[in-house]
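These protein sequences, in sequence, are chains A and B. Be aware that the first sequence starts at 1, since it is given in this note's numbering, and climbs by one per residue. Be aware that the second sequence starts at 1001, since it is given in this note's numbering, and climbs by one per residue. Each residue gets a CB set at the ideal place from its N, CA and C atoms; glycine is no exception.
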Amino acid sequence: MGKHLRHPLGQSVTVLVAAYLLIKFGIVYLPPLIGIASAPLPSSVVLQYMITVIVGLLLWVSDNEERWAKFKQPMHRVMVDPEQKVARAVLLLATPLLVAFVTFDRVRPSVAAPVSFRSIHPAPPGQIDFQGRTLRLTGLENPLRSRGSEDEHLEEGKRIYYQNCVACHGDGLAGLGHYSQGFNPVPLSFQDVGTIAQLTESVVFWRIAKGGPGLPNEGGPWNSAMPAWEDFLSEDDIWAVIMFLYEQAGHSPRTWGEEPGEEGGH
Amino acid sequence: MSERLPSGARRWPLWLGGIGLVTLLTLVSPDGILAQEISRSYRDFPLIGSRTAIWIAAEVHLLFAAFVLGVPMFAVVAEAIGIFGKDRKYDKLAKEFTRLLLVAYSATAIWGAILSFLLVTLYPRLWVYLTQIFAPSMWAYAGLFFLESFTLYLYYYGWDRWAEGRAKLMHWGLGIMLNVFGTTVMFIANSWLTFMMSPPADVTPDTSPAMVQFWSAFANATWMPINIHRIIANVVFGGAIVGAYAAYRFLIAETDEERAHYDWMGYVGNLIAIGALIVLPFAGYYLGREIYEYSPGMGQTLMGGFMSWLWIIQAFLIGVLFLTGNYYLWVGMGRIPGAERFMPYTKYMLIVLVVGVIVWATPHTMIASRAEIAAMGGTYHPFLGVLGVMSAKNTAVNIMILTTFLSFLLYRRANKEPVVEWARTGTMIQGVLFVVCAGIVIFYGIYGYFVTAIVRIGFSVYQVLAVIATIFSVVAIDVAIGRGAKSRGAIRWGQMPERSQYALFILAVTFTWLMGLMGYARSGIRQHWHVWEVVRDTSEYASTPALGYASQIISVCVLIFFGLVAFIFWVGGLAEKPVLSGVGSEGGD
């Protein structure tokens, strides 16, 4: 066993197996040991990681003449050594069988919905029509942040959220409301650093006001059950709920640059 | 040894392209025939459609153009090293670079003419619109194109005639002028395409093109960022193609002298490509920032919208570049006496690079089935989701750049034995600089999660600045340490395993593919607009192509380009013998 582990081929196989175990199971079970939530990785990501590891291993075994020759030796022996007839025959059978199995597994009919790419941040238009007014989104700030009492706005936002949004977006803003599992895809988690934390409040305003029906043609077909809340909420209601979202999620909204939209005009 | 090209055979496409271009410009000038009445906006192209036809022509033209603009930059630098460093082998190398240029130049002109013809015939309305704004710059373009051509002829054919003294300096001046003309030509063409992407704010669909101010259209918001990005990328690309050419010649070489020469040439090509690649992200940030500043919607389409998947592919391909570039250096250490003392460290650098690629290419929104999404509680992974945002990615790429630089440093040090007294102290300072830099990069990477997005964007600048500052400081120390260093033995140029040459091919193909993919992203964010929010695309091809289809077309362009490049280089090899530098016999460094 020790001899095999000192051989580049043995070392490579060991690293490969260890990497697979770490990616497939380690990522799921190790973080919870220190109190961090985790979950199984999708097969697409496992495949991506394993390809990277395999490429890395191939570079390692071949970046040195001696190691490369040693690495190839057992494979070469199996292919040409008269004493390795049985191993050759097993390989000859096993290889096409493996290919056949993988092919079968890939093409067999399934009732599961096909996986698809998803754009998380649809591009906002430069301006929108909101309840008969034109709102220019570029450079638009939340007016409630400079008006009235912040606590009152947050309280109002909270009330609106729990009356209208919680059923889908959930109590902790993690996208785990009562109805969430009825949607595909499930609502996004606002706690994540990649959702509202990446956006200006004006973009969030647009998404709430126009909902799924207001998504742009580009990047479609979209798959959103979000209603167009402009039909139910006032402008101040939406700004208040936006303040509440950022406050609750513990994120700050993206701000505009020093001179917003200076060069843009469209 | 004959070094003359069969000139007539090589020049005719250039003349054809030039004459075609001038004829077109004359025909469709504002006062020309087409401008008076455009009866149709579009015309279709058989089988593949007009959009794909234009796409292929523009892409292949751009690939050749990038090569012919990138190579003169380092040819002229190599010639300068030859002149001022009094090292003839660099002069010979510069000449061989230029020989490649000459043959590729014709192909650039041919594809430029094809692109122009297709634009005029397939998109006449858009063409007339653009000529009404840009006609003067198009005439200047044609004029500079001729100047560039003749400067190139003088530069190449005058190489042996003006080889000494003042004449040699004048010849070097021609090389500089070649770069000036070529770069100006590119700047002009860039203004046309960047105008389509970011027209000035006061240009609306109702603005008559005749009323658009020329300079505001020319120097639009994304013009300079594209100029800078392309200049650097052209050097990267030129280096990679030269490396691939050298690899091809290495593999078919019949003598040790040839192998030594092309081994060295491949090394120089790789060094140029990877060296310039290190600063390319700077220009990329600048361009991205300007796009976002111009139109947040456009920026969001590019970075977070449906184009965002291209960045995952890009991350993976750049990962391939870093891994391959380092691999080439590590394999190359096998031919350097003294390199064995550094070889045990390569595996740790490899681990850093592999982890870097994994982090960089981890998508934030993962491709997952319904069951997998349910298991994760959404499309974000609760644990690895943090790797999907820019803080993690910037950190990974900067650490990868730093690691690649360390590989190069070890390669450079391999056969040297410093003699200066403070060599050990100097090396320790270099080590400290590396550690401090990595610390800064990682600190800002982690800190980025705790600040607002606008602050986080600024952190990426600090990270890149730390890396660049470290590279400059460490190189300065290294040059001083290496002064008068004893040699542990000459590099055995030519004694390189053949698989290392395939690494150079991978580099060239990956760079080409990347250019196609990211070019599609840049152009595709205009979506259904010829000129963003000014001239709408009303053709049947107005929809933005799906990523899968785009990848196929880009791959076809890459295949066409390499097919032609292989043919051109093969034909070039038939006509002449190489100008060997004699590097193997001299034991160059």
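For residue i, is the classification buried or exposed, using 16 other Cβ atoms within 10 angstroms of its Cβ as the cut-off for buried?
i          : result
A:Thr-134  : exposed
B:Leu-1353 : buried
A:Tyr-29   : exposed
B:Gln-1430 : buried
B:Met-1170 : exposed
B:Met-1073 : buried
B:Trp-1330 : buried
A:Gln-181  : exposed
A:Pro-269  : Nothing can be reported for residue 269 of chain A: it is not among the residues displayed for chain A, which extend from 1 to 266.
A:Lys-3    : exposed
B:Ile-1274 : buried
A:Ala-167  : exposed
B:Val-1250 : Looking at the sequence provided, one finds Phe at residue 1250 of chain B rather than Val. By the 10 Å Cβ count, B:Phe-1250 comes out buried.
A:Met-79   : exposed
B:Val-1242 : buried
B:Phe-1405 : buried
A:Val-86   : exposed
B:Met-1303 : buried
The beta strand (DSSP E) with residue i in it runs from where to where?
i          : result
A:Thr-134  : 133-136
B:His-1530 : 1529-1531
Would DSSP call residue i helix, strand or coil?
i          : result
B:Tyr-1203 : In the sequence under discussion, the amino acid at residue 1203 of chain B is Val, which differs from the Tyr named in the question. In this structure, B:Val-1203 counts as coil in the three-state DSSP scheme.
A:Asp-130  : The amino acid occupying residue 130 of chain A in the given sequence is Phe; Asp does not appear at that position. Here A:Phe-130 sits in strand by DSSP.
A:Ser-110  : coil
B:Ile-1033 : Because B:Ile-1033 sits at a pLDDT of 48, beneath the cut-off of 50, its placement in the model cannot be relied upon, and the following sentence gives the value as read from the coordinates. In the structure shown, B:Ile-1033 sits in a helix (DSSP, three-state: H, G or I).
B:Thr-945  : Since the first residue shown for chain B is 1001 and the last is 1589, residue 945 of chain B is missing from the structure and cannot be characterised.
B:Ser-1487 : strand
B:Thr-1222 : coil
B:Arg-1536 : strand
B:Arg-1249 : helix
B:Thr-1108 : helix
A:Arg-147  : coil
A:Thr-200  : strand
B:Arg-1088 : helix
A:Arg-254  : strand
A:Ile-34   : coil
A:Ser-43   : helix
A:Gln-191  : coil
A:Gln-11   : helix
B:Leu-1118 : helix
A:Ala-209  : helix
A:Trp-222  : coil
B:His-1074 : Before going on, a small fix: residue 1074 of chain B reads as Phe here, not His. B:Phe-1074: helix per DSSP, three-state reduction.
B:Gly-1305 : coil
Where do the ends of the alpha helix (DSSP H) carrying residue i lie?
i          : result
B:Gln-1463 : 1453-1481
A:Lys-24   : Element bounds for A:Lys-24: n/a, residue is neither H nor E.
B:Asn-1415 : Segment: none, B:Asn-1415 is in no alpha helix (DSSP H) and carries neither H nor E.
B:Gly-1175 : 1165-1197
B:Thr-1512 : 1498-1524
A:Phe-232  : Per DSSP, A:Phe-232 belongs to no alpha helix (DSSP H) and is neither H nor E.
A:His-178  : Counting along the chain, A:His-178 falls outside any alpha helix (DSSP H), and DSSP gives it neither H nor E.
B:Tyr-1156 : 1124-1157
B:Tyr-1328 : 1308-1332
A:His-169  : 166-169
### Query
Listed from N- to C-terminal order along the chain, which residues in the region 1350-1377 of chain B have their beta-carbon within a distance smaller than 8 Å of any beta-carbon of chain A?
Within the region 1350-1377 of chain B, the qualifying residues are Leu-1350, Ile-1351, Leu-1353, Val-1354, Val-1357, Ile-1358, Ala-1361, Thr-1362, Pro-1363, His-1364, Thr-1365, Met-1366, Ile-1367, Ala-1368, Ser-1369, Arg-1370, Ala-1371, Glu-1372, Ile-1373, Ala-1374, Ala-1375, Met-1376 and Gly-1377.
### Message
Please identify, using Cβ separations under 9 Å, the residues of the region 1298-1311 of chain B that lie next to chain A, in order along the chain.
### Response
Closer than 9 Å at the C-beta level to chain A, one finds these residues of the region 1298-1311 of chain B: Met-1298, Gly-1299, Gln-1300, Thr-1301, Leu-1302, Met-1303, Gly-1304, Gly-1305, Phe-1306, Met-1307, Ser-1308 and Trp-1309.
### Message
By the 7 Å beta-carbon criterion, what residues does the region 110-134 of chain A contribute toward chain B?
### Response
Residues of the region 110-134 of chain A with a C-beta atom less than 7 Å from some C-beta of chain B are Ala-112, Ala-113, Val-115, Phe-117, Arg-118, Ser-119, Ile-120, His-121, Pro-122, Ala-123, Pro-124, Pro-125 and Gly-126, listed in chain order.
### Task
Could you please tell me which residues of the region 66-81 of chain A, in chain order, have their CB closer than 7 Å to any CB of chain B?
Going along the region 66-81 of chain A in chain order, one finds no residue with a Cβ nearer than 7 Å to chain B.
#### Entry: Residue ranges of each alpha helix (DSSP H) within the region 1547-1579 of chain B, 4 or longer
You should have 1547-1575.
### Query
At what residue ranges does the region 1373-1432 of chain B contain a whole run of the beta strand (DSSP E), taking only runs of 3 or more?
Fully enclosed beta strand (DSSP E) runs of no fewer than 3 residues are not present anywhere in the region 1373-1432 of chain B.
### Query
Which residues, in chain order, does the region 1554-1573 of chain B contribute to contact with chain A at a C-beta distance below 9 Å?
Listed by position, the residues of the region 1554-1573 of chain B near chain A (Cβ gap below 9 Å) amount to none.
### Task
Below 7 Å between beta carbons is the criterion; list the residues of the region 1444-1456 of chain B that meet it against any residue of chain A, in chain order.
Residues passing the 7 Å Cβ filter: Tyr-1449, Thr-1452, Ala-1453 and Ile-1454.
### Message
Output needed in chain order: residues of the region 45-59 of chain A with a Cβ under 8 Å from some Cβ in chain B.
### Response
So the list reads Val-45, Gln-48, Tyr-49, Thr-52, Val-53, Val-55, Gly-56 and Leu-59, given in the order they occur along the chain.
### Message
Tell me which residues of the region 184-206 of chain A have at least one Cβ-Cβ distance to chain B shorter than 7 Å, keeping chain order.
### Response
Cβ contacts with chain B come from Asn-184, Pro-185, Val-186, Leu-188, Ser-189, Asp-192, Val-193, Gly-194, Ala-197 and Gln-198.
### Query
For the region 1187-1217 of chain B, which residues have a beta carbon sitting closer than 9 Å to at least one beta carbon of chain A?
For the region 1187-1217 of chain B, which is checked against every Cβ of chain A, the residues closer than 9 Å are Ser-1198, Pro-1199, Pro-1200, Ala-1201, Asp-1202, Val-1203 and Thr-1204.
### Task
Closer than 9 Å, Cβ to Cβ, to anything on chain A: give me those residues from the region 1043-1065 of chain B, in chain order.
Under the 9 Å Cβ criterion, the region 1043-1065 of chain B contributes no residue.
### Task
Could you run through the region 1224-1248 of chain B and flag, in chain order, every residue whose CB is less than 8 Å away from some CB of chain A?
Of all residues in the region 1224-1248 of chain B, none comes within less than 8 Å of chain A when Cβ atoms are compared.
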